[in-house]
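Going down the list, the sequences are from chains A, B and C.
Heads up: the first sequence begins at 1 in our numbering, then just goes up one per residue.
Heads up: the second sequence begins at 1001 in our numbering, then just goes up one per residue.
Heads up: the third sequence begins at 2001 in our numbering, then just goes up one per residue.
From the three backbone atoms N, C-alpha and C, an ideal C-beta is built for every residue, glycine too.
None of the values given here were measured: they were computed from a predicted structure.
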Amino acid sequence: MASDLHADPILVRPLQETTWRFYVVCGVLAVIVIVGVAGYVTQLQNGLAVTGLNDKVSWGLYISNFVFFIGISHAGTLISAILRVSRAEWRRPITRMAESITVIAIVIAAGFPIIDMGRPDRLIHVFLYGRIQSAILWDFVSIFTYLTGSIIYLSLPMIPDAAILRAKYRLGRLREFFYNFLARRWTGNRLQKMSLEKAIGMMAVIIIPVAVSVHTVVSWIFGMTLRVGWHTAIYGPYFVVGAIFSGIATLLIAMAVFRKVYHLEKYITLKHFRNLGILLLVLDIVLIYFSLSDYLTAAYGSETQEVRWLEALSTGPYAFLFWGTFIGGFIVPAFLLGMKRTRTIPGIVISAILVDIGMWIERFLIVVPTMAAPQVPFDWGVYQPTWVEWSITAASFAGFALLYAIFSKIFPIVSMWEVQEGAEAPSEVPAPAGQVNA
Amino acid sequence: MAESQEWQVSRRRFLRIVSGGVAAGAVSLLLSDQIFEIIGWAPTDSRALAGQRKQWVMVIDLARCNGCGECTKGCSREHFVPQGQEWIKVFKVQNELGAEYFLPRPCMQCENPPCVKVCPVGATFRRDDGVVLIDHDRCIGCRYCMAACPYSARSFNWAEPAHTAEELNHTYSLEEPWPHRVGTVEKCMFCAHLTRHGKLPACVRACTAEMGDGAIFFGDLREDAVSNGVETIPLAKTLRERGGFRFKEELGTLPRVWYLPPRSN
Amino acid sequence: MRSSPATIALAALFFLGVLVLSNPMWFAPSAQATHEGDVMCPSSTVTVHDAFLQPGEYRESFFDPKTKVLLYFACVQDANRTIHVGLATPWENWTDLRFQATDAWNGDFNVVRVSMKGDSAEALDGFMRGAEPNFVEDTSLGGSHDIAGPVGRLSSDYYVYEFAFPLRSSDAYDSQLTLNGSFYFQLAYATDRATFLESDPHFIQIGQAPSGARWASLELSLPKGSVALESAEILVGLRDDRSRPVAFMPISVFVQTTFGFLDLGTVLTNEDGLASVQYAPRDEGVYLVGAAFDGERGYLASAAWLSLVLPPVPSDPTLLPGDLLVIQTLIVLVVGGVWSTYAYSLFVVWQGLRASREAPSDRQEPKEETT
Chain A
1 MASDLHADPI LVRPLQETTW RFYVVCGVLA VIVIVGVAGY VTQLQNGLAV TGLNDKVSWG
61 LYISNFVFFI GISHAGTLIS AILRVSRAEW RRPITRMAES ITVIAIVIAA GFPIIDMGRP
121 DRLIHVFLYG RIQSAILWDF VSIFTYLTGS IIYLSLPMIP DAAILRAKYR LGRLREFFYN
181 FLARRWTGNR LQKMSLEKAI GMMAVIIIPV AVSVHTVVSW IFGMTLRVGW HTAIYGPYFV
241 VGAIFSGIAT LLIAMAVFRK VYHLEKYITL KHFRNLGILL LVLDIVLIYF SLSDYLTAAY
301 GSETQEVRWL EALSTGPYAF LFWGTFIGGF IVPAFLLGMK RTRTIPGIVI SAILVDIGMW
361 IERFLIVVPT MAAPQVPFDW GVYQPTWVEW SITAASFAGF ALLYAIFSKI FPIVSMWEVQ
421 EGAEAPSEVP APAGQVNA
Chain B
1001 MAESQEWQVS RRRFLRIVSG GVAAGAVSLL LSDQIFEIIG WAPTDSRALA GQRKQWVMVI
1061 DLARCNGCGE CTKGCSREHF VPQGQEWIKV FKVQNELGAE YFLPRPCMQC ENPPCVKVCP
1121 VGATFRRDDG VVLIDHDRCI GCRYCMAACP YSARSFNWAE PAHTAEELNH TYSLEEPWPH
1181 RVGTVEKCMF CAHLTRHGKL PACVRACTAE MGDGAIFFGD LREDAVSNGV ETIPLAKTLR
1241 ERGGFRFKEE LGTLPRVWYL PPRSN
Chain C
2001 MRSSPATIAL AALFFLGVLV LSNPMWFAPS AQATHEGDVM CPSSTVTVHD AFLQPGEYRE
2061 SFFDPKTKVL LYFACVQDAN RTIHVGLATP WENWTDLRFQ ATDAWNGDFN VVRVSMKGDS
2121 AEALDGFMRG AEPNFVEDTS LGGSHDIAGP VGRLSSDYYV YEFAFPLRSS DAYDSQLTLN
2181 GSFYFQLAYA TDRATFLESD PHFIQIGQAP SGARWASLEL SLPKGSVALE SAEILVGLRD
2241 DRSRPVAFMP ISVFVQTTFG FLDLGTVLTN EDGLASVQYA PRDEGVYLVG AAFDGERGYL
2301 ASAAWLSLVL PPVPSDPTLL PGDLLVIQTL IVLVVGGVWS TYAYSLFVVW QGLRASREAP
2361 SDRQEPKEET T
């Protein structure tokens, strides 16, 4: 009967101890970020001419990165919200990992349209003169709504953990600041517990349609134009499924990393990998189905422009990337996840890595080949990204990892109270450590 | 118990406030026109007023176009068009039986423009005389309009354009958008600054200067007449008799540029 | 006759010489002028300067297709050998009659530049060298204002001027033609302050009898009933000085558009002297239609103008399209609903936090220190 909840020492240790390895990794990531910042400064000084973009292919790496990061932000929603709503108990150790991926990914993603803008000094115009008829405005509204909802949805379950940490540990001014902010009034009594569960439950329900809307709206930025390859009705579902797909893969990678580095084998077990791996497999099959549907429809109809686009993808300049993604990012992971022999933690993690790489290339293949395909007689475009674009891309991944690592040092990456709540009977109320045993 | 009752009361109040607010927002949106009228605010974009009742239209006779590119040069000279941009671009079209012709492609100044639809800040807009203009004070350089244009008619100032002294001396206006600015979008605008004074666009004049009887005609749809500077021809009759067509008609953009088929009489 | 090369060459030279000598135009440095009529100079005139162009006042006429100006000529063998000119022009700003009465035209022009100033006509007498836009008034060149009795009036859709000038002038720059010869002329009108649009050069022969001088008057009208969009029919009528119809004559009809005149067609008048053309403008506004008869078979040229007025069609005020409003409302409802849920969740948690009874600073267990 553990009615007084004590902090789990394994989960708290990363907050107390930081090895030199952490600093080295963060240092490397910080350097990559700085190089990316230098690249952006170059771009601010000389204009977008420092990129490989041109009048034909006017969107490139920045926009495909944007789509990619919004995509992986769907990790949090699926795991946390859907599994919470469907009362899947195994979600408990990984909810916070997933929710934090969402918040960090959205923040990074939101930077890319600004980096891509020709006149970032005029960002305020979007607020002053925003036109509701434009898909970019829908995007802005839905991403902002999703970000706010995700921050709330991340913060609420952190309150009891913050209370525990605040009461039992002295962990430095920065962490104290966060814990105080979240849990100053938290006593863990029945009323508070009920209200928190209720609020989290409501957020879980509302955040699901918001998340679906976000990537649907992002897909509509492309889908609502008249360009070959983009103007297809399947883009909404395709983007959403692709997002959840890449989100789960990212979560799997994060799980593997944290499990190793913070010794969380007790909490994150083979079962978690297997369950997420099966979800990944299901989404993989759905995505293969959508892709086949899209490409076969275009190929069978043989409209001139669509045939040109398909040829560019299948046998033309993008063939290597296209088949690489399809086979390496979709087919191989399906086998790895589907065969029981390879459905081990290493096997699943390798699939996840393949999926994430494949999906990143897939986002590139969504944006660039369509823009390169000629709209007026035979005027093919060429796109060769420059060091500025690559460095900013690298910086975004490094920044993501860096923020994630820092986050894991401020809050326990596994939600302590949720895990303990799941271990006990659900009716037990965890009390803060300050109370005398009732 | 009393506590939860008090709680329920304040929750009810909260719900009432919030739902009231949302409903008020929706209703005021529905009644926005009437509200605007009452408070005397006209939401019409004043930039979209042309000041004269015209509906500009262009007709390009592909049977006459010989691909010389003088239209592009004339346009570039007139507008100090930045290096690398061609606001009217001449394409060579070849079909599989070997027939070839040239297709000059200005901005189509569509009546249902996809570019205007997607601009997030309303920097590009359609004027009431049919010309689609760009407000370079407002453009944020997101290039969504470039992705949306089915005719690839727009260009972007990727770097700070090279300026001549003459260009820098000029004051920017919507109809005469130079000096050109980095990070904004550019395109043909039917030489609105010339047509306002009854002068033909630069491409029309350059073509006629080169060929004597130019291939590009320009005029007012309302008058049913287009001119290349040498001859004035009836619009509807010519399109009917010569089988005039528009580029990518099936997209529903309703371009204001008509083409006469590339066969000589 | 023996045809030796020498004989042929001689004959050719002779032939060439005749050609050259007989046609003063060969000496002219400018474009070829076209012969547009002839005029004799009797000793008396019936031309009255009242800005009304009446039958019998003039002996020759010409309609210029480029500038759309109609000219009438009469000549009097008086002390100054006066030329009387009647001019019907649609142009509001200056209209120029540039001429040089001479046997060999060198491209210079004497200019009569007319315009309305209020209710009366203003006529400038000047000189232009060649094709340069260098109009200078005769008074600045040491000459005098030679134009006699210039009058003008606005006649519904066009301007009518009448004036006269001498062929025996005391001005050094004015052209002199004491004997018979050619009267070269060119018409022009001001498109704006500085630019003039010019016609081709023409000439009439002074001292030669014209082929006929029967008066013809052209009239444009609309059929009974107002002009609707898309179906404007325009009637043309040609009559002589006794209002009898002039049949089977070609009339060219045109309309002024932004960038030039649109030719609406050349029609033949029927037995009643009538013909019609179709013109279908697509919007409200004023459209200036003109008709011209070139003067055939003994009739003088004539022209007419008519302003087609299309009334405004009442249109709906531009509102936001209905479906857009529905979308906006839906967005507000949906987004508002989501944000309300956020607010409510936070509210619920806040309520719970507010209801805590424990003082937040109570800590009864020692804390673990961080390493």
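How far does the alpha helix (DSSP H) with Arg1077(B) in it extend, from its first residue to its last? By one-based count along the second sequence, residue 1077(B) stands at place 77. Run containing Arg1077(B): 1070–1079, per the alpha helix (DSSP H) assignment.
Interface residues of chain C facing Thr148(A) [CB-CB closer than 7 Å]: Against the first sequence, residue 148(A) aligns to sequence position 148. Ordered by position in chain C, the residues that pass the 7 Å Cβ test against Thr148(A) are Tyr2342.
Taking 8 Å as the CB-CB cut-off, is Met371(A) touching chain B? Against the first sequence, residue 371(A) aligns to sequence position 371. Yes - at least one Cβ of chain B is within 8 Å of the one on Met371(A).
Within the continuous beta strand (DSSP E) that includes Thr1124(B), where are the two ends? The count along the second sequence starts at 1 and reaches residue 1124(B) at position 124. Segment 1124–1126, the beta strand (DSSP E) holding Thr1124(B).
Compare the Cα-Cα distances from Arg190(A) to each of Phe2183(C), Leu2097(C), Arg2193(C), Gln2351(C) and report the closest residue. For the purposes of this step, residue 190(A) is taken as the residue at position 190 of the first sequence. It is Gln2351(C) whose Cα lies nearest to the Cα of Arg190(A).
Among Arg1138(B), Asn1112(B), Lys1117(B), Glu1167(B), whose alpha-carbon lies nearest the alpha-carbon of Glu1250(B)? Residue mapping note: residue 1250(B) aligns to position 250 of the second sequence, counting from 1. The shortest Cα separation from Glu1250(B) among Arg1138(B), Asn1112(B), Lys1117(B), Glu1167(B) belongs to Asn1112(B).
How many whole angstroms separate the CB atoms of Val33(A) and Ala395(A), which I take to be in contact at a CB cut-off of 8 Å? Against the first sequence, residue 33(A) aligns to sequence position 33. Against the first sequence, residue 395(A) aligns to sequence position 395. That belief holds up - the Cβ atoms of Val33(A) and Ala395(A) are roughly 5 Å apart, short of 8 Å.
Between which two residues does the beta strand (DSSP E) harbouring Cys1115(B) extend? As a working mapping, residue 1115(B) is identified with position 115 in the second sequence. Per DSSP, Cys1115(B) belongs to no beta strand (DSSP E); it is in the alpha helix (DSSP H), 1114–1118.
Roughly how many whole angstroms lie between the Cα atoms of Cys1075(B) and Arg2113(C)? As a working mapping, residue 1075(B) is identified with position 75 in the second sequence. As a working mapping, residue 2113(C) is identified with position 113 in the third sequence. The alpha-carbon atoms of Cys1075(B) and Arg2113(C) are separated by roughly 36 Å.
When you check each C-beta in the segment 190–210 of chain A against every C-beta of chain B, which residues fall closer than 8 Å? Leu191
How far does the beta strand (DSSP E) with Val1226(B) in it reach, from first residue to last? Translated into the one-based positions of the second sequence, residue 1226(B) becomes position 226. Residues 1225–1227.
For Trp59(A) and Gly2337(C), the rounded distance between their alpha carbons: As a working note, residue 2337(C) is residue 337 in the third sequence. As a working note, residue 59(A) is residue 59 in the first sequence. In a straight line, the C-alpha of Gly2337(C) is about 34 Å away from that of Trp59(A).
Using only the alpha-carbon positions, how far apart do Arg1012(B) and Ile207(A) sit? Residue 1012(B) sits at position 12 when you count from the first residue of the second sequence. Residue 207(A) sits at position 207 when you count from the first residue of the first sequence. Those two C-alpha atoms are separated by around 23 Å.
Anticipated Cβ contact below 8 Å, Glu362(A) with Gly242(A), distance rounded: Translated into the one-based positions of the first sequence, residue 362(A) becomes position 362. Translated into the one-based positions of the first sequence, residue 242(A) becomes position 242. Going by Cβ atoms, the distance from Glu362(A) to Gly242(A) rounds to 7 Å, so yes, they are a contact pair.
Per DSSP, what are the beta-bridge partners of Asn2110(C) in this structure? Against the third sequence, residue 2110(C) aligns to sequence position 110. Per DSSP, Phe2099(C), Phe2127(C).
In the DSSP output, which residue or residues are listed as bridge partners for Cys2075(C)? Numbered from its first residue, the third sequence carries residue 2075(C) at position 75. Partner(s): Ile2083(C).
What residues in its chain sit with their C-beta under 6 Å from that of Thr2102(C), if we drop five residues either side in the sequence? On the third sequence, residue 2102(C) is found 102 positions in, with the first residue counted as 1. Counting only Cβ-Cβ distances below 6 Å, and skipping sequence neighbours, we find Ser2175.
Mind listing, in chain order, the continuous alpha helix (DSSP H) runs of no fewer than 4 residues lying wholly within the segment 19–106 of chain A? 20–46, 61–72
C-alpha gap between Lys1089(B) and Pro1082(B), whole angstroms: Within the second sequence, residue 1089(B) is the residue found at index 89, counting from 1. Within the second sequence, residue 1082(B) is the residue found at index 82, counting from 1. Straight-line Cα distance between these residues: approximately 14 Å.
Considering Cα atoms alone, identify which of Cys1107(B), Cys1119(B), Arg1105(B), Thr1124(B) is closest to Arg1047(B). Residue numbering aside, residue 1047(B) sits at position 47 when the second sequence is read from its first letter. Looking at the Cα atoms, Thr1124(B) is the closest of the given residues.
According to the neighbour-count rule (16 or more other Cβ atoms, all chains shown, within 10 Å of its Cβ), is Thr19(A) buried or exposed? As a position in the first sequence, residue 19(A) is number 19, starting the count at 1. Counting Cβ neighbours within 10 Å, Thr19(A) comes out exposed, since fewer than 16 surround it.
Can you tell me the Cβ-Cβ gap for Arg175(A) and Pro1120(B), rounded? I've got them flagged as a contact below 8 Å. Within the first sequence, the letter at position 175 stands for residue 175(A). Within the second sequence, the letter at position 120 stands for residue 1120(B). Contact flag wrong, Cβ pair sits at about 40 Å.
Under the rule that 16 or more other beta-carbon atoms within 10 Å means buried, what is Tyr2386(C), buried or exposed? Because chain C spans 2001 through 2371 in this model, residue 2386(C) falls outside it and cannot be assessed.
Return the CA-CA distance between Ser2155(C) and Leu2071(C), expressed in angstroms with no decimal places. Taking the first residue of the third sequence as 1, we reach residue 2155(C) at position 155. Taking the first residue of the third sequence as 1, we reach residue 2071(C) at position 71. So the alpha carbons of these two residues sit roughly 16 Å apart.
Spatial neighbours of Ser1010(B) in its chain, beta-carbon cut-off 6 Å, leaving aside the 5 residues before and after: By 1-based counting over the second sequence, the position of residue 1010(B) is 10. Result list for Ser1010(B): empty, nothing under 6 Å.
Residues bridged to Lys1105(B) [DSSP beta-bridge criterion]: On the second sequence, residue 1105(B) is found 105 positions in, with the first residue counted as 1. Reading off the sequence, residue 1105(B) comes out as Arg, not Lys. Lys1089(B).
Counterpart residues of Leu2262(C) in DSSP-defined beta bridges: The residue given as residue 2262(C) occupies position 262 in the third sequence. Partner(s): Val2255(C).
Chain B within 8 Å of Pro2150(C), Cβ atoms only: Indexing the third sequence from 1 puts residue 2150(C) at position 150. It does not; no Cβ of chain B falls within 8 Å.
For Phe112(A), which residues of its own chain have a beta-carbon under 8 Å away from its beta-carbon, when the five flanking residues on both sides are left out? For the purposes of this step, residue 112(A) is taken as residue 112 along the first sequence, with counting starting at 1. Cβ neighbours of Phe112(A) beyond the five flanking positions: Tyr62, Ile63, Asn65, Phe66, Phe69, Ser396.
First through last residue of the beta strand (DSSP E) which encompasses Val1057(B): In the second sequence, the residue the question calls residue 1057(B) occupies position 57. First-last of the beta strand (DSSP E) with Val1057(B): 1056–1061.
Buried or exposed: Phe378(A), going by 16 or more other Cβ atoms within 10 Å of its Cβ? Here residue 378(A) refers to the residue found at position 378 of the first sequence. With fewer than 16 Cβ atoms within 10 Å of its Cβ, Phe378(A) is classed as exposed.
Once you ignore the five residues that flank Gly1243(B) on each side, which residues in its own chain have a CB closer than 8 Å to its CB? As a working mapping, residue 1243(B) is identified with position 243 in the second sequence. Closer than 8 Å at the Cβ level, and outside the excluded window around Gly1243(B), lie Leu1260, Pro1261.
Using the beta-carbon count (16 or more within 10 Å), is Asn2110(C) buried or exposed? Numbered from its first residue, the third sequence carries residue 2110(C) at position 110. Asn2110(C) comes out buried.
Could you tell me which chain B residues have their CB closer than 8 Å to the CB of Val2373(C), listed as they occur along the chain? Only positions 2001 to 2371 of chain C appear in this structure, which leaves residue 2373(C) out of reach.
Using a Cβ-Cβ distance under 8 Å, would Gly118(A) count as near chain B? Your numbering for residue 118(A) matches position 118 in the first sequence. Yes, Gly118(A) counts as interfacial toward chain B.
Kindly indicate which three-state DSSP category Asp2294(C) falls into: helix, strand or coil? Working through the third sequence from its first residue, we reach residue 2294(C) at position 294. The answer is coil: DSSP assigns Asp2294(C) none of H, G, I, E or B.
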